[in-house]
Amino acid sequence: MVRIRVLVVDDHRIFAESLAAALAAEPDVDVAAAGSGPAALRCLDRAAAEGRRFDVMLVDADLGTVAGAAGGLAAAAATASGGTAGGPVQVPVPRAVPDGGEAVPVDGISLVAGVRSGQPSVRTVVLAERDDPRRAALALQAGASGWVAKDCSLQRLLAVMRGVLRDETHLPPALLTGVLRELTAARKHRTESERLVESLTPREREVLRCMVAGLGRKAVAERLFLSPHTVRTHMQNVLGKLGVHSTLAAVALARRAGVGPVSLAAQPATSTG
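728 is the number of the first residue of the sequence shown in my numbering; add one for each residue after it.
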């Protein structure tokens, strides 16, 4: 029997543990639980290092917020037969603080994006308290394969899990129209943002990437071997061409256009103004 390795990520401890117990009652499911984004990333990294990667990650859409966790899945979990059949339930939930450091907040969508980038073989399903087309669209853009209501049945969740492992995408029918509208609007905004970024000169794009990296005027000047006055001029030109009035707005537009931050690992050897 091919077993499915599942990681439940929810900062509501009772829900995470009870859902893990319910899933573990399935004969082909092995399950673990994590209580935060950082804890989930540690679980994923540890499993990968040990050669036993997770297949599916179930992540709370409201990870890191105060939203509740109730409904059909919680009810099904409460009736699970001891949570021991079919595989180990690795609880209690790990700490939400990285070893030796301070708490690092990681929301559900950011976690989906990070896992998609670092471990693309892991399929992600988002568990949500309510239907939200905008957030569901963001989850899909981040790399999620499914969006499931927390008040769905355990059988429905299992069907979605097995479906995403066949490279299917699962959304509630009531969300389809709204999600398609959001994705279309996002694409339109991205296209417009890309057009504006393309109007920048190579030097202005370089300055914009520095802005995306969070560098101030002085740091940009030092990095690009320019005078602060020249950098100020470039930044003003960037804002004008992008049609925005602040660095924050410019950075948001740049990210929509797919512009990433300049690498801070190494300084360029030479540069001209």
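The beta-carbon is built from N, C-alpha and C at its ideal position, and this holds for glycine as well.
Classification of residue i by the beta-carbon crowding that lies within 10 angstroms, buried from 16 upward
i: His972; result: exposed
i: Glu744; result: buried
i: Leu980; result: buried
i: His739; result: buried
i: Asp894; result: exposed
i: Leu903; result: exposed
i: Leu907; result: exposed
i: Leu975; result: exposed
i: Arg950; result: buried
i: Ser990; result: exposed
For residue i, the residue or residues it bridges with in DSSP
i: Ile731; result: Val756
i: Val852; result: Leu785, Gly873
i: His897; result: Gly873
i: Val736; result: Ala761, Val786
Own chain partners of residue i with C-beta closer than 7 Å, once the 5 adjacent residues on each side are dropped
i: Leu923; result: Lys968, Leu969, Gly970, Leu980
i: Pro988; result: Arg936, Val939, Ala940
i: Gln817; result: Reliability of the predicted coordinates at Gln817 is poor, the pLDDT of 33 falling under 50, and the value obtained from them is presented with this limitation in mind. Excluding positions up to five away in sequence, the list reads Ala759, Ala760.
i: Arg959; result: Arg944
i: Thr928; result: none
i: Val986; result: Val924, Leu935, Arg936, Val939
i: Gly890; result: His897
i: Glu919; result: none
Residues of its chain near residue i, where Cβ-Cβ distance is below 8 Å and the 5 sequence neighbours each way are ignored
i: Met892; result: Looking at the sequence shown, residue 892 is not Met but Leu. Closer than 8 Å at Cβ, skipping near neighbours: Ile731, Asp782, Val783, Arg850.
i: Arg679; result: Only positions 728 to 1000 of the chain appear in this structure, which leaves residue 679 out of reach.
i: Ser837; result: Gly764, Ala869
i: Ala775; result: Gln846
Within 8 Å, strictly: CB atoms of residue i and residue j
i: Val839; j: Ala866; result: yes
i: Trp874; j: Pro899; result: yes
i: Leu790; j: Leu734; result: no
i: Gly841; j: Leu768; result: yes
i: Val853; j: Val887; result: no
i: Pro955; j: Ala948; result: yes
i: Gln868; j: Arg780; result: no
i: Ala876; j: Asp859; result: no
i: Ala749; j: Leu881; result: yes
i: Glu931; j: Val965; result: yes
i: Arg861; j: Glu909; result: yes
Cβ-based neighbour list, residue i, same chain, cut-off 6 Å, excluding 5 preceding and 5 following
i: Glu921; result: Ala984
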